[in-house]
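Residue numbers (this note's numbering): -10 to 375.
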């Protein structure tokens, strides 16, 4: 069922109760973001491999191979291997950043990236964001006032009321499940995010240091470590010198837990690095320092991994050469540089690593039963996807 687009709220009073019936599923060709080619030398990651570092980088290699991986977990789930080919990141890069930066509209890039995060990766398969866009609820930032933000919020609330939260929102963040809770977030959050856009734009244009840019993001109401990381990654394409993931990356407890497995430091304190909200406890200095040092340490072994992990260097080269956006200067900052992988890639793959190991321990290197539950935030690869 296709939702009929509603008119912009410039002329629509708040609390208009026109009830949407379903999301509009406009065409989205999966071939636009192809997986890297098969790496014939890949072998499945051995569970008894003594080196956690080697196993982690082999996991990255397998994930880059995508549907053609010899590892059944990586073959079944869309884990990327590089953050550049994760579904929500590629979508923002191509359909938000590329579109608005062609008109030098940085404010709209920031606002629409925030909407993506508010919905949790744009909603399932970015369909909720597409509906907002098709309904003229997500438009240029300069044409978006508080009335339109309120109308957008009301329409999303009606959609969730009719079809359920999981139809509208997505992602592994706990906070995303309470977006419509007026006691915690509600419309107030979305209005404050809308108001924060000029501050974020000013930080990018003034070329603040990467670590300071994280502080700017986290100064916005209810943006904690996880949302700051998502925004930082999305905004890298519009401001690669500021949201510079070769030098800095916000991180959460998921990456910290993965790093503990890789480095064999089970007693390390991961604190509460990814908690969100005004009352969320901040990670201890020790947890923050250990987690950041761990992510940097593992990322610092990239060159070693490229030389020693079979197929990894070839997987990276194949991805860069095959990326359909490789010649577009508005979108190619990750694939046009000498090395594909950086701190952002390591951070997100560390987030996946703990559940990856659990699935390998449960199923070995056999097929993933279709009836088994997906880890939170994981997406199964569609049949026929490359």
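Using N, Cα and C, we set each Cβ at its ideal position, and we do this for glycine too.
*What number of angstroms, rounded off, separates the C-alpha of residue 343 from the C-alpha of residue 201?*
Looking at the two C-alpha atoms, the distance is approximately 29 Å.
*Alpha-carbon to alpha-carbon, residue 346 and residue 289*: Cα to Cα, the separation comes out at about 22 Å.
*Is it the case that the Cβ atoms of residue 63 and residue 52 are separated by a distance below 8 Å?*
Closer than 8 Å, so yes.
*Would you call the stretch 323 to 338 and the stretch 85 to 93 touching, i.e. three or more CB-CB distances under 8 Å?*
Judged by Cβ distances under 8 Å, the stretch 323 to 338 makes no contact with the stretch 85 to 93, as fewer than three pairs qualify.
*Out of 153, 333, 115 and 205, point me to the one whose CA is closest to residue 73's CA.*
Ranking 153, 333, 115 and 205 by Cα distance to residue 73 puts 333 first.
_Can you find the residues in the same chain that come closer than 6 Å, C-beta to C-beta, to residue 266, ignoring five residues on each side of it along the sequence?_
For residue 266, the pLDDT reaches just 46, beneath the cut-off of 50, and the residue's location in the model is therefore unreliable, leaving the point undetermined.
*residue 389: first and last residue of the uninterrupted alpha helix (DSSP H) it sits in*: Past the edges of the chain, shown from -10 to 375, lies residue 389, and the structure says nothing about it.
*asked:* What would DSSP say about residue 80, mapped onto helix, strand or coil?
replied: In the three-state reduction of the DSSP assignment, residue 80 falls in the helix class, which pools H, G and I.
*asked:* I'd like to check one pair, residue 42 with residue 251: are the Cβ atoms closer than 8 Å?
replied: In this structure, residue 251 places its C-beta atom within 8 Å of the C-beta atom of residue 42.
*Return the Cβ separation of residue 166 and residue 154 in integer angstroms, given the expectation that the two are a contact with Cβ distance under 8 Å.*
About 6 Å separates the two Cβ atoms, so the contact holds.
*asked:* Using only CA atoms, which one of 189, 254 and 293 lies nearest to residue 101?
replied: Of the candidates 189, 254 and 293, the residue whose Cα lies closest to the Cα of residue 101 is 189.
*asked:* Please report the distance separating the alpha-carbon of residue 112 from that of residue 103.
replied: The C-alpha of residue 103 is placed about 12 Å away from the C-alpha of residue 112.
*Short check: CB of residue 186 to CB of residue 99, under 8 Å?*
The answer is yes: Cβ separation under 8 Å.
*Can you say whether residue 306 is buried or exposed, counting buried as having 16 or more other CB atoms within 10 angstroms of its CB?*
Under this definition residue 306 is an exposed residue.
*residue 321 classed as buried or exposed, judged by whether at least 16 other C-beta atoms fall within 10 angstroms*: By the neighbour-count criterion, in which 16 or more other beta carbons inside 10 Å mark a residue as buried, residue 321 falls on the buried side.
*Alpha-carbon spacing of residue 287 relative to residue 134, whole angstroms*: The alpha-carbon of residue 287 is positioned some 44 Å away from that of residue 134.
_For residue 238 and residue 336, believed in contact at Cβ under 8 Å, the rounded distance_ = Sure, about 5 Å apart at Cβ, within 8 Å.
*Quick one: what's residue 66 bridged to in DSSP?*
According to DSSP, residue 66 bridges with 369.
*Does the Cβ-Cβ distance between residue 234 and residue 331 come in under 8 Å?*
Contact: yes.
*asked:* Distance check for residue 180 and residue 296, CA to CA, integer angstroms please.
replied: Distance between the alpha carbons of residue 296 and residue 180: 49 Å.
*Distance, residue 232 Cα to residue 96 Cα*: If you draw a straight line from the Cα of residue 96 to the Cα of residue 232, it is about 15 Å long.
*For residue 285, which three-state DSSP category applies?*
Of the three classes helix, strand and coil, the one that applies to residue 285 here is helix, per DSSP.
*Could you pull the start and end residues of the alpha helix (DSSP H) that residue 187 belongs to?*
Counted as a single uninterrupted DSSP element, the alpha helix (DSSP H) harbouring residue 187 occupies residues 175 to 194.
*asked:* Can you check which of these residues, 40, 45 and 50, is closest to residue 302 by C-alpha distance?
replied: Here the closest residue by C-alpha is 50.
_Element boundaries [alpha helix (DSSP H), containing residue 248]_ = From DSSP, the alpha helix (DSSP H) with residue 248 extends over 242 to 252.
*Which two residues bound the contiguous alpha helix (DSSP H) that contains residue 199?*
Segment 199 to 207, the alpha helix (DSSP H) holding residue 199.
*How many Å lie between residue 315 and residue 309 at the Cα?*
For residue 315 and residue 309, the distance between alpha carbons rounds to 7 Å.
*Can you give the Cα-Cα distance for residue 174 and residue 294, rounded to whole angstroms?*
It is roughly 43 Å from the alpha-carbon of residue 174 to the alpha-carbon of residue 294.
*Enumerate in chain order the residues of its own chain whose CB-to-CB distance from residue 68 is below 6 Å, with the five nearest sequence positions on each side excluded.*
Closer than 6 Å at the Cβ level, and outside the excluded window around residue 68, lie 52 and 341.
*Distance, Cα to Cα, residue 198 vs residue 122?*
Near 32 Å, if we compare the C-alpha coordinates of residue 122 and residue 198.
*State buried or exposed for residue 144, treating a residue as buried only when at least 16 other CB atoms are found within 10 Å of its CB.*
Per the 10 Å Cβ criterion, buried.
*May I have the straight-line CA-CA distance separating residue 277 from residue 242, to the nearest angstrom?*
Distance between the alpha carbons of residue 277 and residue 242: 10 Å.
*For residue 106 versus residue 203, is the C-beta spacing smaller than 8 Å?*
Contact: no.
_For the alpha helix (DSSP H) containing residue 117, name the first residue and the last one._
Per DSSP, residue 117 belongs to the alpha helix (DSSP H) from 116 to 123.
*residue 279 and residue 304 look like a contact to me (Cβ under 8 Å); what is the Cβ gap, rounded to whole Å?*
Rounded, the Cβ-Cβ distance is 30 Å, inconsistent with contact.
_Less than 7 Å between C-beta atoms, sequence neighbours within five positions excluded: which residues of the same chain meet that for residue 160?_
Answer for residue 160: 109, 110 and 366, listed in chain order.
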